[in-house]
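Novice: Encoded as structure tokens, here's the structure I'll be asking about.
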Amino acid sequence: MYSYVPERLPANAPLVVVLHGCTQSAASYNKGSGWSTLADRYGFALLLPQQQWNNNPLCCFNWFKPEDNERARGEPLSIRQMVARMLSDHRLDGRRVYVTGTSSGGAMTTVLLATYPDVFAGGAVLAGVPYRTAKGLQEGLESIFQGRPRAPGEWGDLVRAASTHPGPWPKISVWHGDADTAVKPVNAEEIIKQWTDLHGLDLQPTMQMTVNGYPRRVWQGPGGEELIESYTITGMSHGAALDPGAEPHQCGTAAPFFNAVGISSTHRIADFWGLLAEQAASARDPAAAAPTSEPAHAAAAADRGAGQIDSGARGFRNERTAGSERSQQAGTQEPRAAAGRPFGLDVHGIISASLEAAGLLKSGTTSRRPESSAPLGIDVPGIISTALEAAGVLQGIRSRPATRESGLQSAGWEGAGWEQLLDDPRAFRGGAMLYGHASSGDNGALGARAQSISRRIKLGPQPELSYVRRLDLSAGVNDYTSASFRVLIDGLVVDEVTAIGMVHQESEWLRQAAIDLTRFANRTVTLTLEVAACSNIYSTVYAKAWVDQIAIHNAVDLAPC
């Protein structure tokens, strides 16, 4: 868990909880959004929970899982306990606690507003979904790709059932790009339905206007207070709206999923909550305001990753979670991107592959983009469905009658950048294993560099894949460097771990079990293992993978490559 506390924090200051999206870290999200800049200017504290990879391999908040979207359970409870510690340690104003997030962080924002409306005075959801739009993996996929419309009363009842809170309800700011293909924009309208019902307001806004060229709608309460606002960012894809710069209304840094579109969601949200009316904290030396990552004193985890803050902490700090894997702060080095190339990810590739993998799009209607087509060479198809699926897979192995399993770590593989290590004592149980390595930024090579190995296999009914792995993904050079490991069937991602602007290391063997391959049943398919690295400067980024115990449950036979 991370926090940011200005050096000269006013007494009884507000607290803002900031939630990152998939593949992001607390540090990279803070840098992109610019929340710490406003915290310095206007005098409030930040709490930045960071998802742990062992809870979700792509570091998404698990908003769709029942055990993580109910009061007094899982991730909402962890964050609630972090809030309590921040309020106590820094003597903050418990009546002015707010929460915001983008994508999976936006979805978890609606979870927190619904499950702890007695804690949060307001929230802001960027590219998110309504509370309880999903109670599992399949509904989560339907929600982000299609939307799941309900009547306002139905939406409101889901929130009312989440706690015994009788009201009043938190105020909420809703932001969405109308060109978002990762999370369908209809979700913003469903959030508005949910919260107008809770506030007892009509669906028709009280006021409509244009701000910096973008439509803004406002719903006022009986006393004229703005309780709900909505911004539709025309032409914007997935992510947060930014206006980087040094002016008072500007903050943040353009990066993947941080879109420089001429309006600052961070500044506007803070204004909506009334934080800009606070007396600004006294001016600070910009060098002194730079985030640091000094370890705080050790403390027990509250619940599945709940960290605690050093009561003497000042500036940007990281508390390693007791019992968790080590936490890595994203690099703070300024990137030097190739001229004329936009920052971002291949969102169309992400969604097309995810839809096919989820069974929501007929296989073969899309083709995998070449790696060179994605901006900066970063191509992460399946990022959302993989994150959801991976979190569900970690629940455990489904029980089925014993059937044939085919071991695949022997002969028959073809490709480059991988090798079979025979009689290697480092293997999971000794013997043979596969090792792959890809690097970028060294030997004069920039951009995406991928190495893969494949083999053919004939699948029977209800096939499942399992394997064990160790990964070393080193992409902490800057916010735009990446390293990844992917498992693909016929070019579709079925398992993936991606590090963007950070380091991901697995010091112990991790078993991935019961990866559902039913959509490929009764077919001869190509199984591919891939490592990839992408650097935009001459500094080495690499991906290393050790893979062992690969098995297919219900494989018919192995077809020659």
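Taking this note's numbering, the leading residue of the sequence shown gets 5, the next gets one more, and so forth.
Positions of the beta carbon are idealized from the N, C-alpha and C atoms, including for glycine.
#1: For Gly-227 and Phe-524, what's the separation of their Cα atoms in angstroms?
#2: Checking 9 Å against the spacing of the C-beta atoms, do Thr-532 and Arg-490 come in under that value?
#3: Helix, strand or coil: how does DSSP classify Ala-118 here?
#4: Are the CB atoms of Val-545 and Ser-486 within a distance shorter than 9 Å?
#5: With which residues is Ile-237 paired in a DSSP beta bridge?
#6: Could you tell me which residues DSSP puts in a beta bridge with Glu-534?
#7: Considering only DSSP beta bridges, list what Arg-474 is partnered with.
#8: Give the single residue among Gly-25, Val-22, Leu-51 whose Cα lies nearest to the Cα of Val-9.
#9: Is the separation between the beta-carbon of Pro-219 and that of Thr-200 shorter than 9 Å?
#10: Going residue by residue through the region 90-177, where are the continuous alpha helix (DSSP H) segments of at least 4 residues, counting only ones entirely within it?
#11: Using DSSP bridges, identify the partner residues of Gln-224.
#12: Secondary structure at Ile-267, three-state DSSP: helix, strand or coil?
#13: Using 10 angstroms around the beta-carbon of Thr-114, count the other beta-carbons present and answer buried if the total reaches 16, otherwise exposed.
#14: Are at least three pairs of beta-carbons, each pair with one atom in the region 67-74 and one in the region 32-42, less than 8 Å apart?
#15: Judging by CA-CA distance, which residue of Met-90, Val-123, Val-497, Val-87 is the nearest neighbour of Arg-99?
#16: Helix or strand or just coil, what does DSSP make of Val-187?
#17: Which residues mark the beginning and the end of the alpha helix (DSSP H) in which Leu-450 is found?
#18: Does DSSP classify Arg-45 as helix, strand or coil?
#19: What are the start and end residues of the beta strand (DSSP E) that includes Tyr-439?
#20: Taking all protein chains shown into account, decide if Ser-92 is buried (16 or more other Cβ within 10 angstroms of its Cβ) or exposed.
#21: In terms of residue numbering, what span does the alpha helix (DSSP H) encompassing Ala-30 cover?
#22: Is it the case that the Cβ atoms of Ser-167 and Tyr-135 are separated by a distance below 9 Å?
#23: Under the DSSP definition of a beta bridge, which residues are partnered with Pro-219?
#24: For a quick check, are the C-beta atoms of Leu-62 and Gly-243 less than 9 Å apart?
#25: By how many angstroms is the C-alpha of Leu-521 removed from the C-alpha of Leu-496?
#26: Just how far apart, CA to CA, sit His-253 and Ser-37?
#27: Identify every residue that forms a DSSP beta bridge with Gly-480.
#28: Tell whether a beta-carbon distance below 9 Å holds between Ala-420 and Ala-537.
#29: Could you name the residues that DSSP lists as bridge partners for Phe-432?
#30: Which first and last residues belong to the beta strand (DSSP E) in which His-242 is found?
#31: Assign Gly-78 to one of three DSSP states: helix, strand, or coil.
#32: Strictly by DSSP, which residues pair up with Ile-461?
#33: Measure the Cβ-Cβ separation of Leu-500 and Ile-556 and say whether it is below 9 Å.
#34: So, at 6 Å on beta carbons, what are the nonlocal neighbours of Leu-205 in its own chain, with the 5 sequence-adjacent residues on each side left out?
#35: Going by alpha carbons, who is nearest to Arg-474 out of Ala-547, Gln-466, Gly-480?
Specialist: Inspection of the coordinates gives the following:
#1: 58 Å
#2: yes
#3: helix
#4: yes
#5: Gly-181
#6: In the DSSP assignment, Glu-534 is bridged to Ser-456, Arg-490.
#7: Arg-474 is bridged to Trp-550.
#8: When C-alpha distances from Val-9 are compared across Gly-25, Val-22, Leu-51, the shortest belongs to Leu-51.
#9: no
#10: 108-119, 141-149, 156-164
#11: Glu-230
#12: coil
#13: buried
#14: no
#15: Val-123
#16: coil
#17: Taken as a continuous stretch (DSSP letters only), Leu-450 belongs to no alpha helix (DSSP H), as it is neither H nor E.
#18: helix
#19: Its beta strand (DSSP E) spans residues 437-444.
#20: Residue burial annotation: Ser-92 is exposed, with fewer than 16 other C-beta atoms found within 10 angstroms of its C-beta.
#21: Ala-30 -> alpha helix (DSSP H) spans 30-37.
#22: Inclusion of Ser-167 and Tyr-135 in the CB contact set at 9 Å is not warranted, their separation being larger than that value.
#23: Thr-214
#24: no
#25: 11 Å
#26: One alpha carbon belongs to His-253, the other to Ser-37, and they sit about 13 Å apart.
#27: Gly-480 pairs with nothing; no bridge assigned.
#28: no
#29: Gly-434
#30: Counting along the chain, His-242 falls outside any beta strand (DSSP E), and DSSP gives it neither H nor E.
#31: helix
#32: Val-529
#33: Inspection of the sequence shows that residue 500 is occupied by Glu rather than by Leu. For Glu-500 and Ile-556, no; Cβs fall outside 9 Å.
#34: Excluding residues up to 5 positions away in sequence, Trp-223 lie with their Cβ nearer than 6 Å to the Cβ of Leu-205 in the same chain.
#35: Ala-547
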